[in-house]
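In my numbering, the protein residues as written are 1109 to 2219. Built from N, CA and C at the ideal position, the CB exists for glycine as well. Notes for the one structure printed next.
Laid out in structure tokens, this is it:
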């Protein structure tokens, strides 16, 4: 392109809005939408279910392999003749539990002895991998580990108290009805050690009774050498440890050849504490400042001198006690202090009780060693670390983080020079750590001493020769396109991130940034390199789902309060609020009806009168760029004009501690509705050029980690257009863009459609350095337009000429005169001809530009996946009688039954008494199963005489008349999600063939859906049908019907009706719920067409495609 352009990006969790601004016109804009990289309900990573299923498969495969080897061993020793001896079709005549007890008192036959060994080895109980794992479970009473621990203690206590000879004897005596744990309940959990002892005893007993099959050789093969590791009974794949773990561990951000340091190392925890300490700010007299040298010296050792977490309150108390801060004369910046009104209402929680820093590894080492009687030794190690010699503690943390097996850890600890060596090694084996820092110990040994001198992390990195947020200089290694975040695949097929880029690992963030990278590259390919790049990122991009839901709830609560206040406004003034009237009303109520600066009463009936009161920025906007509610007050117009671009401290004579300033301070401190953030701004004393620049930087730019990463990635790699003077990519704060949207009159309604992302991107693109300068000039003009003669401008030091500023006051700067109207038209108009006519009116589009204009069309990432779960987890039973009818059975808990379910119970004539008892209970509890069948009052099966003397009944079997799915282990499982639907045509009709994951194994299906019929009755596809194409989720499709048609992204197919649903391209809420158009019949459609949409929303006919397999 001949003319350069500014690129604006709005990057969110599931979208990237983009806009290109040229000279006084919008070159192009659009939205790229994609699915969030997390599950919809829980917010878990998408790979979590897959990983859990894979681990379960591996665990089951390991057990099957171990039992297969055991079967071979038993055959070799003559206990069985056939390896199929233990299959279900050859059941035991006597329960293996009973045989295990009888084996203590009599000689078992060959078959019986084989079943005993197999049973114990198959159900071999639980075993802690290390002492540390067992200790950890003790502190997790509510977790699964804690419940297992309690179960193991319970069964061991029963054996000891009642002196049972073996675990089997105890189980049959105590749990005669059910011997196995059920549904996450571990009261019958057995220790592998106890079961190993039982099997050893059984071998001894059988040899004593003369068995020729209980040989020492077989015992050694099964039970090993007594080390709880060797032997088939103990065989277990070791946890990832030592060298295996290191092979998975990343390298240091700065020292590429060094492994990352354990988070539990003293130096890594010291780094965390110093980062918190050096970034800590306190508010005194309205001024926010860091701790000085004396305060830091008091604070630095405090977390190491106590047990537990270190709080803000503890730090504040120590600083007051040391005489360095006045009691009640300071606050910690960043904490949400309650207002006086909240305190009065009892809603105020002291925020200083929050944790300032945690040192979990330090505290655990301290606690364990003291309990082991090694307090003196601990104090020696701790003192050396705090005095700058942390190597021993760091090495201990490294060993306990890398080596999970006790013997491996012991061997490594033995290499260290430790006080009371043997005793300390034994004590340390009760501890294990996990997780690793981003930096290595080598890098931290350079950085931490500098931070101890008071340098911030970024300053310490620079002093050590590193850069904390940009590993490469801007412009170094630039190319026309942004390179991928991935460097390739590992040998096991996993994608590998570029190591020296420090790419965020959060999957939600990574997907969003990767889509943004693709959009930037697509723009560059089409329009050439940009002159500048401006970016805004969603505030919740890196937050987990529960935090985002909490924020959403708070926003909804705030919206509800707004609506209530608007109703009060309408009641007071007889009309709904317009423009800034509502904000005046809220500030009036917050300030108890008084002017913020003079404390004179404001007449409510005159509140809306022009020129009576004005909203003012306490810290002038031209000097702070702070448009937050915490910086706004309501003042009488005269006071506001006299204040000009001064702070309250400068305006009210704070330097002389004038009576007006004292009165203002008393008013601010007594106004209960003011929160700390607002009080700090109103009472701020120091606001010179340096402080003002810091405020501007903070309010204009977004400095979160992900923003810094993408900013540096663009600066490092993206080649800007020739002649560009921009050296930096700018990441704007949401506050800045919200301010500009409001001043330009651009409404943003999030729920309407996805188009608002492009709107945001346009505003971001318009916020150039030139615009910021014009914005500052305009704000200063508004502040100084009606000041008194001789007033000094605080920003320039010049005496103000009010008449000059009056000319500038009324014209808020826009990118160009018709920007708002042009943006509105580009966002909303969908007809190309109408759009061209509208743009031609502005006079800034030449013929070529008008010809290339196209309406905004949201681009969506197609979900072309071929993997996933083949079927749902539940397997429904299917007898021969039900198979012919398509019916299945399902076991359901009694607690989930309702009265309607009673008619579905299987074989009612054979279980009349049981079903009668179930009905009786349900009727007595209003048909509510959870009340009718509580766990503490189980239902027993009635005997022949009708008395409930039989076994406990917890589940019953119900019949489901029709269920389609996949045959699995003699039953039926429901299909998992549909991968795609294949479209065929014949005789003017379209036929849909659904394709699922299981077709990877069974082959492509060849039956098309017929409404209301079972799959075996669907239309069979043969050579007479014409192949059309496959539709994956988010493929663009046009369906032409006799009565109109639909154009949108394919969503799903209903296999019971053959109808499909499609999304409106922008998810327009006015079209349907969530923008979804449901139940579109396609069989008799006039035409069904598929299209391709590129990253920028350009639409092309889809090329012909072959029918692909699922692989």
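Near residue i, what residues of its chain come up, given a Cβ to Cβ distance below 7 angstroms and the 5 sequence neighbours on each side ignored?
i, result
"residue 1629", "1589 and 1590"
"residue 1701", "1709, 1710 and 1712"
"residue 1776", "1782, 1787, 1790 and 1791"
"residue 1397", "1389 and 1390"
"residue 2212", "none"
"residue 1689", "1716"
"residue 2217", "2112"
One question on the structure: do residue i and residue j come within less than 8 angstroms of each other, judged by their Cβ atoms?
i, j, result
"residue 1508", "residue 1536", "yes"
"residue 1141", "residue 1619", "no"
"residue 1644", "residue 1853", "no"
"residue 1372", "residue 1469", "yes"
"residue 1593", "residue 1622", "yes"
"residue 1205", "residue 1154", "no"
"residue 2050", "residue 2058", "yes"
"residue 2106", "residue 1978", "yes"
"residue 1482", "residue 1528", "yes"
"residue 1432", "residue 1406", "yes"
"residue 1395", "residue 1793", "yes"
"residue 2084", "residue 2104", "yes"
"residue 1404", "residue 1464", "no"
Taking just the CA atoms, how far does residue j sit from residue i?
i, j, result
"residue 1377", "residue 1815", "25 angstroms"
"residue 1998", "residue 1197", "23 angstroms"
"residue 1664", "residue 2177", "19 angstroms"
"residue 1548", "residue 1817", "20 angstroms"
"residue 1834", "residue 1958", "29 angstroms"
"residue 2033", "residue 2040", "6 angstroms"
"residue 1539", "residue 1171", "29 angstroms"
"residue 1916", "residue 1152", "In this prediction, residue 1916 has a pLDDT of 43, which is less than 50 and means its spatial position is unreliable; nothing more can be read from the coordinates."
"residue 1967", "residue 1143", "12 angstroms"
"residue 1113", "residue 1803", "29 angstroms"
"residue 2160", "residue 1982", "23 angstroms"
"residue 1125", "residue 1721", "39 angstroms"
"residue 1938", "residue 1846", "26 angstroms"
"residue 1877", "residue 1963", "29 angstroms"
"residue 1116", "residue 1725", "28 angstroms"
"residue 2003", "residue 2062", "8 angstroms"
"residue 1288", "residue 1224", "17 angstroms"
"residue 1686", "residue 1692", "11 angstroms"
"residue 2170", "residue 2087", "15 angstroms"
"residue 1727", "residue 2139", "57 angstroms"
"residue 1520", "residue 1488", "21 angstroms"
Quick one: residues in its chain with C-beta nearer than 8 angstroms to the C-beta of residue i, no 5 flanking neighbours on either side, listed in chain order?
i, result
"residue 2010", "2023, 2026, 2027 and 2030"
"residue 1365", "1359"
"residue 1994", "2069, 2070, 2071, 2072 and 2122"
"residue 1272", "1266, 1278 and 1281"
"residue 1244", "1253 and 1540"
"residue 1932", "1854"
Below 8 angstroms on the Cβ atoms is my guess for residue i versus residue j; work out the distance and round it to an integer in Å.
i, j, result
"residue 1492", "residue 1500", "7 angstroms"
"residue 1923", "residue 1874", "4 angstroms"
"residue 1418", "residue 1409", "In fact, because the Cβ distance is near 11 angstroms, the residues do not count as touching under 8 angstroms."
Among the options, which residue has its Cα nearest to the Cα of residue i?
i, options, result
"residue 2136", "1425, 2093 and 1222", "2093"
"residue 2233", "2139, 2190, 2166 and 2212", "Outside the modelled stretch of the chain, which goes from 1109 to 2219, sits residue 2233, for which no answer is possible."
"residue 1303", "1975, 1233, 1612 and 2157", "1233"
"residue 2150", "2185, 2169, 2096 and 2143", "2096"
"residue 2205", "1236, 1626 and 1185", "1626"
"residue 1315", "1216, 1335 and 1274", "1216"
"residue 1203", "2108, 1284, 1988 and 1298", "1284"
Within a Cβ cutoff of 6 angstroms, which residues of the same chain sit near residue i, ignoring the five residues on either side of it in sequence?
i, result
"residue 1545", "1368, 1369, 1371 and 1376"
"residue 1119", "1620, 1624 and 1645"
I want to check one thing, is the minimum distance from the CB of residue i to the heavy atoms of the ligand NAD below 7 angstroms?
i, result
"residue 1637", "In terms of ligand content, the structure shown is empty, and the ligand NAD therefore cannot be addressed."
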